[in-house]
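Presented below is the structure to which this report refers.
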Amino acid sequence: MKLFLNLGSLAHGRSGDKGNHANIAVIAYTQAGYDWLRGYLTAERVAQYFAPMFVGHVSNVPSPQTGTLETCPTKVVRYEAPNVWGLNFLLYDILAGGASRSLRIDTQGKTLALTLLRMDIDAPPNFADMLRDKEKPS
Amino acid sequence: MKTIRIGNGCGFWGDNIDAPIRLAQRGNLDYLTLEYLAELTMSILALQKERDAEKGYAGDFLDVLGRLTPILQQQPSLKIITNAGGMNPAACAHRAQEILQKAALTRRIAVVSGDDLLPRLDALLPEHPFANLDTGELLTTVRPRVVSANAYLGAKPIADALAQGADIVITGRVADASLTVGPALHEFGWAWDDWDRLSAASVAGHLIECGAQVCGGLWCNWQEVADWTDIGSPFVDLAEDGSFTISSDAGPGVNRETLTEQLLYEVGDPARYLTPDVVADFTSVSLAKVDARTMRVHAARGTPATDSYKVSIAYRDGFTASGTLTIAGPDAVIKAQLAGAALLQRTGQTFERSNVECLGGGACAPGVIAPIKGLTEVVLRVSVHDRRKEAVERFTKEFAPLVTSGPPGVTGYTTGRPAVREVFAYWPALVEKSVVQATVEVLP
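Protein chains in written order, with this note's numbering: chain A, 10 to 147; chain B, 1031 to 1474.
Have a look at this one:
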């Protein structure tokens, strides 16, 4: 039987801006969850998930006048913070201009973490050991 | 072992104005820090100062200070460290002194400045290119449009001000964490190359710099917050060896989840968190639970600070406006997209940048989260950005007509035409520390 789980059942997180870049911290609830996410949640997987949002400094929809959509290369770098079971993703140029220039409602990427936590994941066999209530926050 | 208690009651200009009062009342603090400057706040303050030489600071601080005066009467040793000075710390300090005098309070105020590089920019530019950290472009390409250029100063001038007997330290641009590192350096007399302790205090400063965000605000497991009215503000009890506990004056307090979410907030490489004071290694710290609302943080490691300051530059970059209409009824998303496109076309203008969004239909992560099918109510948001102010003004006049000449179910036009705002773009750069001279002036 296939299990449908999202990232948010194994991890919590937070996102914010750095100019036109955003960072998303994904923090596992358990050591088991962190060990599994280190292999599963690669920078490539996160880049692919957010690919539609890497649109340079322009809008997320084609201009009505020109019909074109400016794109930019997706660049995501992952850092590890094993002491807090954290994976920190830096998503370059994802904010379509950032706090000062973006025309999006979420100019600062405040909601990106919740969006990533909605990602469907291929549940590992021992997923039950990774859920939050297995290890209450100490 | 000696410990000091430092609490932060303000995370940005616009934050809750009662939080610092409550924190000072309930927190039993040695130091109250108040942080007001986001990346682009300085450009707004620079324009205020341009219009009025006596302005250019975060005015909210003076309101807070006025309301703090009865508490300062009761707590003679409470000290305040704030970057509310913005582009004009001297003017802010003089106004603060008037407020204290009116309340018959004797407090020594110090002004930390030297961060403002705008007056020296042209003299510095030949040798210091202020290359954009993201794009590598040289500042000369936008120099005529620059409105502010500020180096992020560190903890040393704050510690110096305290050593000169200051009770209230008002700074311009300093690194947020340095508001906490400054008093720690002063109290404990740490060496300037005691990187592990500087790192520990920087971790403490980073954790509390956004106020409630470390003690319940934004917490992913928000259902466990019992009372959102008084979420609380954070404080640290920082020991001489650099270890500290962190808690809050109300609300759910600090637990492993709230702490770790904030530890990695707006961080790049957590093993190399750059401040003017130290390169802090966030991956080195150990966390332990003290009680349900208090965590202990210890064993921070640091490495030597770099030889440059980060410089935050803002430059004029055209005009923008953004307006909304509510679209209800069947096919709300289709009608909103149609109305948005029509609105832009009716202006007769081609804008450098434009955006049509359906709020409620996945606009926070466009293209990533698909809108729920069959939505019957969304908010249409249309935005433009262009060098031509008149084109942007023209754009703002096309919202109201859609109420009578758009698809059925258009409403929510009650606040008048959207405002046209000037855009200040952000230009991050570095400058050698040797060319920046931080100054401390204690008011008589």
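Note that beta-carbon positions come from the ideal geometry of N, C-alpha and C, so glycine has one too.
Give every residue of the same chain whose Cβ lies closer than 8 Å to the Cβ of B/E1167, excluding the five residues on either side of it in the sequence, and list them in chain order.
Correct list, in chain order: A1161.
B/Y1087 CB to nearest chain A CB: under 7 Å?
Judged by the 7 Å Cβ criterion, B/Y1087 is not in contact with chain A.
Just the C-alpha distance for B/V1440 and B/A1133, rounded to the nearest angstrom, thanks.
A direct Cα-Cα distance of roughly 54 Å separates B/V1440 from B/A1133.
Give the DSSP-derived three-state secondary structure of B/F1026 in the structure shown.
Residue 1026 of chain B lies beyond the stretch modelled for chain B, which goes from 1031 to 1474, so this question has no answer here.
Alpha carbon to alpha carbon, how far is A/T51 from A/R87?
When rounded, the distance between both Cα atoms is 7 Å.
Quick check on DSSP: helix, strand or coil for B/W1225?
B/W1225 falls in the helix class under three-state DSSP.
Chain A within 7 Å of B/E1167, Cβ atoms only
By this cut-off, B/E1167 is not an interface position.
Going by DSSP, what residue range makes up the beta strand (DSSP E) through B/H1328?
B/H1328 -> beta strand (DSSP E) spans T1324 to H1328.
Assigned exposure category for A/N135 - 16 Cβ within 10 Å defines buried:
Label assigned to A/N135: exposed.
Bounding residues of the alpha helix (DSSP H) (the contiguous stretch that carries B/Y1456)
Counting along the chain, B/Y1456 falls outside any alpha helix (DSSP H), though it belongs to the beta strand (DSSP E) covering R1451 to E1462.
So for B/K1403, helix, strand or coil by DSSP?
Of the three classes helix, strand and coil, the one that applies to B/K1403 here is coil, per DSSP.
With DSSP collapsed to three states, give me the class of B/Y1295.
Coil.
Using a Cβ-Cβ cutoff of less than 6 Å, which residues in the same chain neighbour B/G1436 once the five nearest sequence positions on both sides are dropped?
Excluding sequence neighbours, B/G1436 sits near A1369.
Establish whether the CB of A/T120 and some CB of chain B are separated by less than 7 Å.
Yes, contact with chain B.
Is it buried or exposed, B/R1451, if we count other Cβ atoms within 10 angstroms and call 16 or more buried?
Around the beta-carbon of B/R1451, fewer than 16 other beta-carbon atoms lie within 10 Å, marking it exposed.
Could you please give the first and the last residue of the uninterrupted alpha helix (DSSP H) stretch that includes B/G1212?
S1208 to F1218 is the span of the alpha helix (DSSP H), which, as asked, contains B/G1212.
Please list the terminal residues of the continuous beta strand (DSSP E) segment that includes A/G107.
Annotation for A/G107: no beta strand (DSSP E) segment contains it, though the alpha helix (DSSP H) segment containing it runs G107 to R110.
Between B/L1237 and B/I1276, how many whole angstroms is the CB-CB distance? I'm expecting something under 8 Å.
With 8 Å as the limit, B/L1237 and B/I1276 qualify as a contact, their Cβ atoms being about 6 Å apart.
Is DSSP giving B/T1171 helix, strand or coil here?
Three-state DSSP puts B/T1171 in a helix.
7 Å is my cut-off, CB to CB: does B/P1334 come that close to chain A?
Among the residues facing chain A, B/P1334 is not included, as its CB has no counterpart in that chain under 7 Å away.
Since B/G1241 contacts B/D1045 with CB under 8 Å, what's their CB separation in whole angstroms?
Right, the Cβ-Cβ distance comes to about 6 Å (below 8 Å), so this counts as a contact.
For B/A1256, count neighbouring C-beta atoms within 10 Å of its own C-beta (all shown protein chains included) and say buried if the count is 16 or more, exposed if not.
Answer is exposed; the Cβ neighbour count stays below 16.
By the three-class DSSP mapping on this structure, what secondary structure does B/P1050 have?
Looking at B/P1050 - three-state DSSP - the assignment turns out to be helix.
Backbone secondary structure at A/P91 - three-state DSSP
Helix at A/P91.
Please confirm whether B/P1458 has its beta-carbon closer than 7 Å to some beta-carbon of chain A.
Judged by the 7 Å Cβ criterion, B/P1458 is in contact with chain A.
Name, going along the chain, the residues of the stretch 1386 to 1416 of chain B whose beta-carbon falls closer than 8 Å to a beta-carbon of chain A.
Hits within the stretch, in order: V1386, E1387, L1389, A1393, C1394, A1395, P1396, G1397, V1398, I1399, R1411, S1413, V1414 and H1415.
Own chain residues within Cβ distance below 7 Å of B/V1453, not counting five before or after:
Within the same chain, B/V1453 has close Cβ partners D1347, G1348, F1349, T1350 and H1415.
Chain B beta carbons: is any one of them nearer than 7 Å to that of A/S18?
It does not: the Cβ of A/S18 has no partner Cβ on chain B nearer than 7 Å.
Taking 7 Å as the CB-CB limit, is A/G25 close to chain B?
So yes, A/G25 belongs to the interface.
Helix, strand or coil, according to DSSP, for B/A1205 in the structure here?
Coil, per DSSP.
For the stretch 1179 to 1188 of chain B against the stretch 1091 to 1109 of chain B, are there 3 or more C-beta pairs whose distance is under 8 Å?
Here the stretch 1179 to 1188 of chain B does not lie against the stretch 1091 to 1109 of chain B, with fewer than 3 beta-carbon pairs under 8 Å apart.
Would B/P1174 be called buried (16 or more neighbouring beta carbons within 10 Å of its own) or exposed?
Its Cβ having fewer than 16 others within 10 Å, B/P1174 is exposed.
Within the same chain, show all residues whose beta-carbon is closer than 7 Å to that of B/G1246, passing over the 5 residues directly before and after it, in chain order.
Excluding its 5 nearest sequence neighbours in each direction, B/G1246 has C-beta neighbours in its own chain below 7 Å: V1255, I1261, G1262, G1281, P1282 and T1288, listed in chain order.
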